[in-house]
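To convert, count from 1 in the sequence shown and add 42; that's my numbering.
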Amino acid sequence: ATSMGIGVVLLNVGFSILFGLPQGLGLQIALVLVAVVVTIAACTSGIDKGIRLISELNLWVAGAMMLYILITGQTAFLLNTLVENVGRFFWTLPERLTQTMGYELNGAEWMSGNTLFFWAFWLAWGPFVGLFLARISRGRTLREFVVAAITIPVLCDLVMVSLFGNSAIYEAVFQNNTEFGDLALESPEQGWYALLEMFPGAMLLVGLATLSGLLFYLTSANSGAMVMSNFSSSIPDPGEDGPKWLRIFWAVVTAVLTIAMLMAGGVVTMEYATLIFALPVTIVAYLVMFSFSRALRMEKADREGHTRRRRSEASTGGSTPDRTIRQRLTSLRSYPDFNAAQRFSTNTVLPALNTTAEEFRKEGSVVTVEPRIEAETGMTEAFFQVDIPGHRSFLYKVAPIETPVPIFGARPAPSLKKYFRMEVFTHTGSEGYDLYGVDKQQVIDDVLDRFEAHLGFLSYSAENLSDTVITPPVEAVAPVDAPVEEVTGEEPEAPKEH
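Dropping the structure here:
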């Protein structure tokens with residue numbers, strides 16, 4: 043609501059200049075109501091349609107504005123200061139990280155109204171942006187995500203702030219336009235449009251700025267409504283979003299809250315609200331970062347386990363079991379439906395897991411094999427688990443995952459949009475490959491490959507990560523020759539050589 047309110051205050055000035063409307067609370071409320079209608083329309087159309095089109099149009103409009111400012115403004119000055127700004131940003135970053143303005147008169151007041159407010163603003167806004175970026179980046183690697191969703195936007199921010207900020211500095215300092223400088227300090231939204239009116243074709247530029255501001259507003263409202271619907275609903279398929287009615291509900295609630303905050307005092311009230319609500323979010327953010335760091339360490343240990351497998355002929359971690367040419371060609375054109383996936387699980391996967399379990403039990407291991415019904419989807423998952431006393435148990439699960447049919451190639455039926463991948467899951471999540479189409483022996487081989495990788499994971503964890511909760515510390519591990527109880531309660535055979 044804070045972001046929406048600040049955006050409406052800015053748009054209020056733009057619409058007043060373009061259409062001669064009186065500025066004030068009435069126009070701001072009208073803009074909120076119009077925007078919520080457009081937001082609902084975009085939200086209900088989904089990410090790939092409404093939100094995507096608005097976001098792409100937003101980028102083109104913002105890029106056109108920056109190019110126009112650069113060409114029609116003080117081009118040489120803007121390019122020179124852009125280079126200097128980027129260099130100064132990185133060079134002075136360590137100093138500014140610890141700067142509190144303790145020796146400046148009214149420094150604390152300036153810090154709370156600027157630095158701390160923006161920190162709080164981003165922290166409060168972060169959970170929405172984070173989940174939205176994760177949602178649209180599903181299937182990307184961490185490297186691709188860092189480059190495309192973090193690094194490039196930051197560079198664009200540096201260019202945008204430098205071009206517009208230095209244009210204002212040139213006018214206020216080098217042209218000695220104190221009236222403009224005072225206006226920009228007292229009312230940033232008024233100063234923004236006052237700056238644009240100094241360029242050639244002012245009304246065109248003001249129109250582009252207002253359109254860009256409106257698009258920024260809509261994209262923020264769309265992503266916020268979609269993410270809040272995801273936060274407040276149970277979604278079995280991670281590729282789907284919350285129900286449309288819930289998105290509409292949150293769009294309306296956000297609009298009502300925005301209007302209430304505007305009536306209660308405008309931007310100042312929103313700044314205080316942001317500072318208050320950002321504090322608990324800060325604590326949660328650090329907990330999330332700690333959890334994510336631990337998850338990455340576990341994944342590193344899991345990958346190290348793949349490299350420690352003793353079978354040189356084993357398939358590399360994360361790839362499918364070795365298949366014949368016929369199996370591979372068939373799988374490329376195979377889009378099994380729900381019934382086909384269930385038959386494969388019942389006729390191939392479960393018998394293979396039962397056969398494997400029998401051999402493990404002969405070695406004295408406690409093994410669980412069973413079909414499990416996923417409550418929300420009704421799909422059958424083949425579950426296989428080997429207990430390892432004192433360590434994380436070995437898990438191997440084959441679950442049907444609903445997946446969009448690729449848009450390229452020949453579809454088995456024009457109306458078919460989804461099919462089921464029989465994905466393999468271990469203790470760290472999906473292994474990323476489809477098991478459908480292999481035979482019973484290949485499933486057995488794949489289970490053993492994953493088990494060997496799990497032993498390597500445990501070995502690496504004990505050597506390098508014993509001080510974490512990823513795996514119990516070495517001191518807590520049961521002796522190798524300790525007896526293991528069977529599920530049946532019967533006396534196990536003496537342990538054999540592994």
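Virtual Cβ for every residue (Gly too), placed ideally from N, Cα, C. Quick caveat: nothing in here was measured; it's all calculated off a predicted structure.
Anticipated Cβ contact below 8 Å, residue i with residue j, distance rounded
i      : j      : result
Leu500 : Arg434 : 7 Å
Ser387 : Val440 : 6 Å
Gln232 : Leu238 : Between Leu238 and Gln232 the Cβ distance is about 11 Å, and since that is not below 8 Å, they are no contact.
Leu200 : Asn264 : About 26 Å separates the two Cβ atoms, so there is no contact after all.
Phe57  : Leu73  : 7 Å
Ile71  : Leu260 : That belief does not hold up - the Cβ atoms of Ile71 and Leu260 are roughly 17 Å apart, past 8 Å.
Ala424 : Leu392 : 5 Å
Thr123 : Ser204 : 6 Å
Tyr502 : Thr468 : Tyr502 to Thr468, Cβ: 15 Å. No contact.
Leu458 : Leu256 : Actually they are not in contact, since the Cβ atoms of Leu458 and Leu256 sit about 39 Å apart, beyond 8 Å.
Three-state secondary structure assigned by DSSP to residue i
i      : result
Phe131 : helix
Glu416 : coil
Gln384 : helix
Thr470 : coil
Glu239 : coil
Lys460 : strand
Thr410 : strand
Glu401 : helix
Val519 : At Val519, the pLDDT of 38 sits below 50, so the modelled position is not reliable; the number obtained from the coordinates is stated separately. Val519 falls in the coil class under three-state DSSP.
Pro378 : coil
Val511 : Low per-residue confidence applies at Val511: pLDDT is 45, beneath 50, and the placement is therefore not dependable, though the value from the model is reported in the following sentence. Looking at Val511 - three-state DSSP - the assignment turns out to be coil, as it is neither helix nor strand.
Glu528 : With a pLDDT of 38 at Glu528, under the threshold of 50, the predicted position of this residue should be treated as unreliable, and no value is reported.
Continuous beta strand (DSSP E) stretch holding residue i: start and end
i      : result
Val569 : Past the boundaries of the shown model lies residue 569; the chain is included only from 43 to 540, so the question cannot be answered.
Met268 : Met268 -> not in any beta strand (DSSP E); alpha helix (DSSP H) instead, spanning 244-273.
Gln427 : 422-428
Opening and closing residue of the alpha helix (DSSP H) in which residue i lies
i      : result
Phe57  : 44-61
Asp199 : 194-211
Val391 : Neither: Val391 is in no alpha helix (DSSP H) and is coded neither H nor E.
Gln541 : The structure shown does not extend to residue 541, since the chain is modelled only from 43 to 540, so the question has no answer here.
Val103 : 94-114
Gln369 : 367-374
Arg182 : Taken as a continuous stretch (DSSP letters only), Arg182 belongs to no alpha helix (DSSP H), as it is neither H nor E.
| task | Pair every Cβ in the segment 111-128 with every Cβ in the segment 271-289, then say whether three or more of these pairs are closer than 8 Å. | result | no
| request: Ignoring anything shorter than 3 residues or poking outside the segment 473-504, list the beta strand (DSSP E) runs there in chain order. | output: none
| request: Tell me the start and end of each unbroken alpha helix (DSSP H) in the segment 140-169 that is at least 4 residues and wholly inside, in chain order. | output: 149-155
| query | Given 8 Å as the limit, is there contact between the segment 69-85 and the segment 211-223, that is, 3 or more CB pairs closer than that? | reply | These segments do not touch.
| Contact the segment 395-405 vs the segment 460-480: 3+ CB pairs below 8 Å | no
| query | Quick check: the segment 96-113 against the segment 238-258, are there 3 or more CB pairs under 8 Å? | reply | yes
| field | Entirely enclosed alpha helix (DSSP H) segments - the segment 272-313, minimum 4 residues | value | 286-306
| Counting Cβ pairs, one atom from each stretch, are 3 or more of them under 8 Å apart for the segment 282-291 and the segment 128-147? | no
| Hey, is the segment 133-147 in contact with the segment 290-304, meaning 3+ C-beta pairs nearer than 8 Å? | no
| said: For the pair the segment 325-339 and the segment 47-66, tell me if three or more CB-CB distances fall below 8 Å. | reply: No, they do not touch.
| message | Three Cβ pairs or more, each shorter than 8 Å: is that satisfied between the segment 312-322 and the segment 157-173? | response | yes
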